[in-house]
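Student:
There are 2 protein chains.
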Amino acid sequence: MVTLAEVARHAGVSASTVSYALSGKRSISAATRERVENSVRKLGYHPNAGARALASSRSNIIALMVPLRTDMYVPVMMEIAMAVATAARTHGYDILLLTGEEGAEAVRRIEGSALADAMIVMDVELDDERLPLLRAANRPAVLIGLPSDTAGLNCVDLDFAAAGAVCAEHLADLGHREIAVIGEAAAVYERHTGFAERTLTGLRERSAELGLRLLHRPCEGSYASVAATLSRVFDERPGTTAFVVQNEAATDPLLALLRQSGRAVPEDVSVVAVCPEQVAAHASVPLTSVAVPAQEMGRRAVEQVIAKIEGRGSNEEVMLLAPELTVRESAAQAPAGT
Amino acid sequence: MVTLAEVARHAGVSASTVSYALSGKRSISAATRERVENSVRKLGYHPNAGARALASSRSNIIALMVPLRTDMYVPVMMEIAMAVATAARTHGYDILLLTGEEGAEAVRRIEGSALADAMIVMDVELDDERLPLLRAANRPAVLIGLPSDTAGLNCVDLDFAAAGAVCAEHLADLGHREIAVIGEAAAVYERHTGFAERTLTGLRERSAELGLRLLHRPCEGSYASVAATLSRVFDERPGTTAFVVQNEAATDPLLALLRQSGRAVPEDVSVVAVCPEQVAAHASVPLTSVAVPAQEMGRRAVEQVIAKIEGRGSNEEVMLLAPELTVRESAAQAPAGT
DNA sequence: ATGAAAGCGCTAACAT
DNA sequence: ATGTTAGCGCTTTCAT
Chain F
152 MVTLAEVARH
162 AGVSASTVSY
172 ALSGKRSISA
182 ATRERVENSV
192 RKLGYHPNAG
202 ARALASSRSN
212 IIALMVPLRT
222 DMYVPVMMEI
232 AMAVATAART
242 HGYDILLLTG
252 EEGAEAVRRI
262 EGSALADAMI
272 VMDVELDDER
282 LPLLRAANRP
292 AVLIGLPSDT
302 AGLNCVDLDF
312 AAAGAVCAEH
322 LADLGHREIA
332 VIGEAAAVYE
342 RHTGFAERTL
352 TGLRERSAEL
362 GLRLLHRPCE
372 GSYASVAATL
382 SRVFDERPGT
392 TAFVVQNEAA
402 TDPLLALLRQ
412 SGRAVPEDVS
422 VVAVCPEQVA
432 AHASVPLTSV
442 AVPAQEMGRR
452 AVEQVIAKIE
462 GRGSNEEVML
472 LAPELTVRES
482 AAQAPAGT
Chain Z
152 MVTLAEVARH
162 AGVSASTVSY
172 ALSGKRSISA
182 ATRERVENSV
192 RKLGYHPNAG
202 ARALASSRSN
212 IIALMVPLRT
222 DMYVPVMMEI
232 AMAVATAART
242 HGYDILLLTG
252 EEGAEAVRRI
262 EGSALADAMI
272 VMDVELDDER
282 LPLLRAANRP
292 AVLIGLPSDT
302 AGLNCVDLDF
312 AAAGAVCAEH
322 LADLGHREIA
332 VIGEAAAVYE
342 RHTGFAERTL
352 TGLRERSAEL
362 GLRLLHRPCE
372 GSYASVAATL
382 SRVFDERPGT
392 TAFVVQNEAA
402 TDPLLALLRQ
412 SGRAVPEDVS
422 VVAVCPEQVA
432 AHASVPLTSV
442 AVPAQEMGRR
452 AVEQVIAKIE
462 GRGSNEEVML
472 LAPELTVRES
482 AAQAPAGT
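Heads up: the sequence lines are chains F and Z, in that order. Take the position in the first sequence, starting the count at 1, then add 151; the result is the number in the numbering used here. Take the position in the second sequence, starting the count at 1, then add 151; the result is the number in the numbering used here.
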């Protein structure tokens, strides 16, 4: 194993010079810097992570808490995680992968052992058990998601309320007046993850302003429950001409069932989804949709957390990303004779 | 920050005693151990990761290289990654998340900096650029996947050949004689990830033994290409009564298209899939399938790599997990008048 | 069964 | 602009 001392000897300088030449924390003459860099390359030197962490009390590692529950939003979670890892590397940081399983204990462990310089926490619930610890911790933390009380916390999330509003607007522009919302499973609302409620709020407020009638129904992901929900919707509101879906698992069944029941999408019924790009793009009818900007969320979270590590950057910043509606093929002008 | 020294003082013993009491590397009287453990709890002591790594040249971190390419097998990758993280924790290890993006450079970086004690590499290609480095590295590595040359390497993977064989057997048992294989996109075969080919080999060999006629067609995941593939299959082999699908994206289109063309599953046509449980279970017709045992793969990889770290465990071990076929509703007795 | 002390490889004052 | 040196908190000989 190549050490700093060996590099120093090889370059004919002192250890600190090598250290400073590499960190750039004090000015070094071009000549010495060159010599040092040469020796580093020639010897294949890599600073020892443990030693560096011990001496500087900086590990250059960011812990990422990912929900273990593997049943929902998996591709988006993965995309965020990958975006976080990629962004972190461009700033010289590595990612430590923690599963939600350890819960609050993980926060204590990371803080106590100084394993990571900061934490990024995904899948935050409205009243998450980790929040108090995170607030108390003397390590920076950024949440991906939006708890009910954001005091003393940094958060990055999609502005789901705005997403709901955008959907309502788009359908109103197309002349629709009666809209049904196929929501997440009831369990999601009960878990109080917040995002589903926020979409609904945005949808409701904008609908009220635009004079749309709105009917909301939570829904499981199975064919059977989508079928049941659908027939109830058409029973209660036969004039429904458009759907907003926020339920990854329900979109495909929804399209299939509409087709089966003789309703063409988008000629007879329009569908707008709030879901990952992939799901929207690969559906049997490519879906006009608002996507979760996973990449950007990951990148922003990293930037925010690094800013905090390095002493720049306010704490208690809530960054809500503006939704973007992508027009595909599932939403069109409302049919005439309604 | 609580240090070992503080714990020692609080417990009225020396630093080394605390260290040994915690590591169990030499015998400690029950009384002292008790006192130490009490102090640890009372003070909320967590060993400093950097210091420990420096002194012991063990980081208790395993690096996990996950493919960045987020377009395929995402849920399975995620499931494996989570299983790896969970299993690692039960053995006192943490996971460092590396994206495939860095490629071979990541291997050098980890080895040079001693950031991790070992590596687990996912999504290995037949002739992966990282293999030479991994073989040369003096850190243990375990691959999830099976390259063409496994010399000097530890691998964990599903036995895809056996999976193919199991599918052939199941369909033969049900009286099918003409079988079509809907495979992965041609690009997958060209990328030489190997698993698709291995399934096919197993399928072919067992089919030959059982007297089945087999037709293989690679296929993109879109509705259009599944439709095209399907009509070609029925053109060439009108007597086809069963399908084996190995293409996550194609399964739903396949079922939809069969239904549309008036062929009931499983009454008229049987379908057996090689795909993740979730996909199989949530398809419009629950699929009889062979799943990728993601959890087990993750766990085995961790166990194997830790065995190597700790000096037990042979290197050059290839562990092929036996496939298990789960009978659901998509495969039944072949129709009579064929 | 326990202590004392020498590093592990690096960073960051403190020199000059 | 560069060198000297004192730790960072732990593990692990070497003593006893």
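In this text, a Cβ means the ideal position worked out from N, Cα and C, and glycines have one as well.
1. Could I get the ranges of all uninterrupted alpha helix (DSSP H) runs contained in the stretch 350-394 of chain Z, with 4 residues as the minimum, in chain order?
2. Rounded to whole angstroms, what's the CA-CA distance from residue 185 (chain Z) to residue 288 (chain Z)? Just pull it up for me.
3. Going along chain Z in order, which residues have a C-beta closer than 9 Å to the C-beta of residue 236 (chain F)?
4. Out of Z:389, Z:380, Z:418 and Z:391, which one is the CA nearest neighbour of residue 402 (chain Z)?
5. If we define contact as Cβ-Cβ less than 7 Å, is residue 435 (chain F) a contact residue for chain Z?
6. If you compare alpha carbons, which of Z:239, Z:303 and Z:285 is closest to residue 465 (chain Z)?
7. Any C-beta of chain Z sitting closer than 7 Å to the C-beta of residue 197 (chain F)?
8. So residue 305 (chain Z) and residue 317 (chain Z) are supposed to be a Cβ contact under 8 Å. How far apart are they, rounded?
9. With a floor of 3 residues, list each beta strand (DSSP E) that falls wholly inside the stretch 425-458 of chain F, ordered by position along the chain.
10. On the DSSP bridge assignment, give the partners of residue 416 (chain F) in chain order.
11. Which stretch, first to last residue, makes up the beta strand (DSSP E) that contains residue 250 (chain F)?
12. Would you please state the rounded distance, in angstroms, between the beta carbons of residue 266 (chain Z) and residue 248 (chain F)? I believe it to be under 8 Å.
13. Kindly indicate which three-state DSSP category residue 188 (chain F) falls into: helix, strand or coil?
14. When the Cα of residue 483 (chain F) is compared with those of F:436, F:372 and F:430, which residue comes out closest?
15. Can you confirm whether residue 489 (chain Z), when its beta carbon is compared against all beta carbons of chain F, has any partner nearer than 7 Å?
16. Closer than 7 Å, CB to CB, is residue 268 (chain Z) near chain F or not?
17. Taking DSSP as the reference, what is the three-state secondary structure of residue 179 (chain Z)?
18. Who are the near neighbours of residue 443 (chain Z) in its chain, counting only those whose CB is closer than 7 Å to its CB and skipping five residues on each side?
19. Using a 10 Å radius around the Cβ and a threshold of 16 neighbouring Cβ atoms, would you call residue 229 (chain F) buried or exposed?
20. Assign residue 439 (chain F) to one of two classes, buried (16 or more other C-beta atoms within 10 Å of its C-beta) or exposed (fewer than that).
21. Is the beta carbon of residue 329 (chain F) sitting closer than 7 Å to the one on residue 372 (chain F)?
22. Below 7 Å between beta carbons is the criterion; list the residues of the stretch 255-286 of chain F that meet it against any residue of chain Z, in chain order.
23. As a quick exercise: from Z:363, Z:195 and Z:479, pick the residue whose alpha carbon is nearest that of residue 324 (chain Z).
24. Going by alpha carbons, who is nearest to residue 243 (chain F) out of Z:253, Z:322, Z:387 and Z:367?
25. I'd like to know whether the C-beta of residue 229 (chain Z) is nearer than 7 Å to at least one C-beta of chain F.
26. Helix, strand or coil for residue 331 (chain F)? Go by DSSP, reduced to three states.
27. In terms of residues, what are the limits of the alpha helix (DSSP H) holding residue 304 (chain F)?
28. So the candidates are Z:487, Z:160 and Z:481; which of them puts its Cα closest to the Cα of residue 321 (chain Z)?
29. Do you know whose CA, among Z:415, Z:190, Z:240 and Z:217, lies nearest residue 211 (chain Z)'s CA?
30. Quick one: grab the DSSP three-state call for residue 229 (chain Z).
31. Give the range of the beta strand (DSSP E) segment to which residue 267 (chain F) is assigned.
32. Do the stretch 411-427 of chain Z and the stretch 256-266 of chain Z touch if we need at least three Cβ pairs shorter than 8 Å?
33. What's the C-alpha gap between residue 489 (chain Z) and residue 350 (chain Z)?
34. When we look at the beta-carbon of residue 314 (chain F) and count the other beta-carbons within 10 Å, is it buried (16 or more) or exposed?
35. The beta strand (DSSP E) spanning residue 214 (chain F) covers which residue range?
36. Can the beta-carbon of residue 450 (chain F) be found less than 7 Å from the beta-carbon of residue 159 (chain F)?
Tutor: According to the data block:
1. 374-387
2. As a position in the second sequence, residue 185 (chain Z) is number 34, starting the count at 1. As a position in the second sequence, residue 288 (chain Z) is number 137, starting the count at 1. Computed Cα separation, rounded: 41 Å.
3. As a position in the first sequence, residue 236 (chain F) is number 85, starting the count at 1. Those are 217, 219, 248, 249, 250 and 252, listed as they occur along chain Z.
4. Here residue 402 (chain Z) is taken as the residue at index 251 of the second sequence, counted from 1. Of the listed residues, the one whose Cα sits closest to residue 402 (chain Z) is Z:380.
5. Numbered from 1 along the first sequence, position 284 holds the residue referred to as residue 435 (chain F). Residue 435 (chain F) counts as touching chain Z.
6. Within the second sequence, residue 465 (chain Z) is the residue found at index 314, counting from 1. Comparing Cα positions, the closest option is Z:303.
7. Within the first sequence, numbered from 1, the residue matching residue 197 (chain F) stands at position 46. Residue 197 (chain F) counts as touching chain Z.
8. Here the question's residue 305 (chain Z) lines up with position 154 in the second sequence. Here the question's residue 317 (chain Z) lines up with position 166 in the second sequence. Their Cβ separation, rounded to whole angstroms, is 25 Å, which puts residue 305 (chain Z) and residue 317 (chain Z) out of contact at 8 Å.
9. 439-441
10. Translated into positions along the first sequence, residue 416 (chain F) becomes position 265. DSSP output for residue 416 (chain F) lists no bridge partner at all.
11. Taking the first residue of the first sequence as position 1, residue 250 (chain F) is located at position 99. Where residue 250 (chain F) is concerned, the enclosing beta strand (DSSP E) stretches over 245-250.
12. Looking up residue 266 (chain Z) in the second sequence gives position 115. Looking up residue 248 (chain F) in the first sequence gives position 97. Incorrect: roughly 14 Å between the Cβ atoms, too far for contact.
13. Counting from one through the first sequence, the residue named residue 188 (chain F) turns up at place 37. If DSSP states are grouped into helix, strand and coil, residue 188 (chain F) belongs with the helices.
14. To locate residue 483 (chain F), count along the first sequence from 1; it is residue 332. Residue F:436 is the option with its Cα nearest to residue 483 (chain F).
15. Here residue 489 (chain Z) refers to the residue found at position 338 when the second sequence is read from its first residue. Only weak support exists for where residue 489 (chain Z) lies, its pLDDT of 47 falling under 50; the value from the coordinates is given anyway. It does not; no Cβ of chain F falls within 7 Å.
16. The sequence position of residue 268 (chain Z) within the second sequence is 117, counting from 1. No, residue 268 (chain Z) does not count as interfacial toward chain F.
17. Mapped onto the second sequence, residue 179 (chain Z) falls at position 28. Of the three classes helix, strand and coil, the one that applies to residue 179 (chain Z) here is coil, per DSSP.
18. Position 292 of the second sequence holds residue 443 (chain Z). These residues qualify, in order along the chain: 227, 309 and 427.
19. Looking up residue 229 (chain F) in the first sequence gives position 78. The residue is buried, with at least 16 neighbouring Cβ atoms inside 10 Å.
20. Locating residue 439 (chain F) in the first sequence gives position 288, counting from the first residue. Buried, because 16 or more other Cβ atoms sit within 10 Å of the Cβ of residue 439 (chain F).
21. Walking along the first sequence from the start, residue 329 (chain F) turns up at place 178. Walking along the first sequence from the start, residue 372 (chain F) turns up at place 221. Going by C-beta atoms, residue 329 (chain F) is not nearer than 7 Å to residue 372 (chain F).
22. 260, 263, 264, 265 and 266
23. Looking up residue 324 (chain Z) in the second sequence gives position 173. The candidate whose alpha carbon is nearest that of residue 324 (chain Z) is Z:363.
24. Counted from its first residue, the first sequence places residue 243 (chain F) at position 92. Comparing Cα positions, the closest option is Z:253.
25. Here residue 229 (chain Z) corresponds to residue number 78 of the second sequence, with the count starting at 1. True, the Cβ-Cβ gap to chain F drops below 7 Å.
26. The residue given as residue 331 (chain F) occupies position 180 in the first sequence. Residue 331 (chain F) falls in the strand class under three-state DSSP.
27. Counting from 1 along the first sequence, the entry for residue 304 (chain F) is found at position 153. From DSSP, residue 304 (chain F) is part of no alpha helix (DSSP H); its letter is neither H nor E.
28. Start at 1 with the first residue of the second sequence, and residue 321 (chain Z) comes out as number 170. Here the closest residue by C-alpha is Z:481.
29. For the purposes of this step, residue 211 (chain Z) is taken as residue 60 along the second sequence, with counting starting at 1. Ranking Z:415, Z:190, Z:240 and Z:217 by Cα distance to residue 211 (chain Z) puts Z:240 first.
30. For the purposes of this step, residue 229 (chain Z) is taken as the residue at position 78 of the second sequence. In this structure, residue 229 (chain Z) counts as helix in the three-state DSSP scheme.
31. Residue mapping note: residue 267 (chain F) aligns to position 116 of the first sequence, counting from 1. Element bounds for residue 267 (chain F): n/a, residue is neither H nor E.
32. no
33. For the purposes of this step, residue 489 (chain Z) is taken as the residue at position 338 of the second sequence. For the purposes of this step, residue 350 (chain Z) is taken as the residue at position 199 of the second sequence. Its pLDDT being 47, under 50, residue 489 (chain Z) is placed unreliably by the model, and the measurement read from it follows with that caveat. Using only the alpha carbons, I get a separation of about 27 Å.
34. Start at 1 with the first residue of the first sequence, and residue 314 (chain F) comes out as number 163. So residue 314 (chain F) counts as buried.
35. By one-based count along the first sequence, residue 214 (chain F) stands at place 63. From DSSP, the beta strand (DSSP E) with residue 214 (chain F) extends over 212-217.
36. Here residue 450 (chain F) is taken as the residue at index 299 of the first sequence, counted from 1. Here residue 159 (chain F) is taken as the residue at index 8 of the first sequence, counted from 1. Going by C-beta atoms, residue 450 (chain F) is not nearer than 7 Å to residue 159 (chain F).
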